[in-house]
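Here is the structure we will look at.
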Amino acid sequence: MKRIKLFSLALIAVTTLGGCATKKEENSSQSSVSTEEQISSSTKETTSKSAPKSSESSSKNSSVSSTSDSSSRNNASSENVDKLEATDNMSEVSYDEDTKTLTTPISKVQIVGQEFNTWKRGTKTEKIFILRYSVENTSDEIFNSANHGSLRYLDVVTEEPGKKFSGLPTRVLSQETDPYHEEYKNTQKRLEQNDKTTIATAYAFREDVKSIYVEFYDDQNNSVKRLQVDVPEN
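Take the position in the sequence shown, starting the count at 1, then add 96; the result is the number in this note's numbering.
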């Protein structure tokens, strides 16, 4: 894999990604709140606003802001976030704010949708955040599974005490009644060179979590971009 230096990135102005959640019809074992993304840009810093409480029939808003991070994502702090430091032998990774696309040495990963929902197995029910994103194979190799192009470069995290970020656990959408079941199956789809597919991945989060973050990072585990998503109130 070709590797070159990744130059320092300056702090990128906050971008707001708005969405609304509407009641999605599911079977008796599931209830859902969907969030459709609308992308807009701002030249000034904004703060996140919690989604207003409303009935199931009314819309819910969630705001998304983004930052650059110079620290290791395994020990990342939400403070003093200003730039991505250049490191020798680091793969080139770039992020396009307008299209929400991360370009890696082997792929292009683009966010295409998000949704808050519930995941149920037997008596266990959890809140989940479903991230939908496309993966394009831009390498000279074949991906035996489509998520090969995103595994090392994308995660969904939450902020823990001490202003540290940790990854959320994933949940399988293997049942036909699960939301975005077909796109979930694309995770293991074979991708030839220049092929592209859309993947859906579900992440579970605790009841007390107010915000989660979609995070893009590079081969050296430095966060390139972190997009904040406010959890709508039920």
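We treat Cβ as the ideally placed atom computed from N, Cα and C, and that holds for glycine.
None of the values given here were measured: they were computed from a predicted structure.
Short of 6 Å from the beta carbon of S241, and not among the five residues preceding or following it, lie these beta carbons of its own chain, in chain order: Q284. The beta carbon of V305 lies closer than 7 Å to those of T254 and V327 in the same chain, with the five residues before and after it left out. Proximity of the segment 211-230 to the segment 260-276 meets the contact definition, three or more beta-carbon pairs being nearer than 8 Å.
Listed in chain order, the beta strand (DSSP E) runs fully inside the segment 197-256 are 197-199, 203-217, 220-233 and 250-256, counting runs of at least 3 residues.
If only uninterrupted beta strand (DSSP E) runs of at least 3 residues are considered, those enclosed by the segment 294-326 are 307-313 and 319-326.
A direct Cα-Cα distance of roughly 21 Å separates D194 from A296. Pairing N318 with P201, the inter-Cα distance amounts to about 15 Å. L264 and F301 do touch by the CB rule: their CB atoms are close to 6 Å apart, below 8 Å. Y191 sits in a strand when the DSSP states are folded into three classes.
Between Y191 and V310 a beta carbon distance of about 11 Å is seen, past the 8 Å cut, so the two are scored as non-contacting. CA-to-CA, the gap between N233 and R286 works out to about 10 Å.
The C-alpha of Q271 is placed about 38 Å away from the C-alpha of E188.
Within a 10 Å sphere around the beta-carbon of S262 sit fewer than 16 other beta-carbons, which makes this residue exposed. The beta-carbon distance between T197 and V208, rounded to whole angstroms, is 10 Å. This is too long to meet the 8 Å contact definition. Relative to R267, the option among S230, E222 and T199 whose CA is nearest is E222. The C-beta distance from V231 to G245 rounds to 4 Å, short enough to fall under 8 Å. Secondary structure at T273: coil, using DSSP grouped into helix, strand and coil. Counting every other CB atom within 10 Å of its CB across the protein chains shown gives Q289 a total below 16, marking it as exposed. Sequence-distant Cβ neighbours of E237 in its own chain, meaning closer than 8 Å and more than five residues away, are I202 and Q289.
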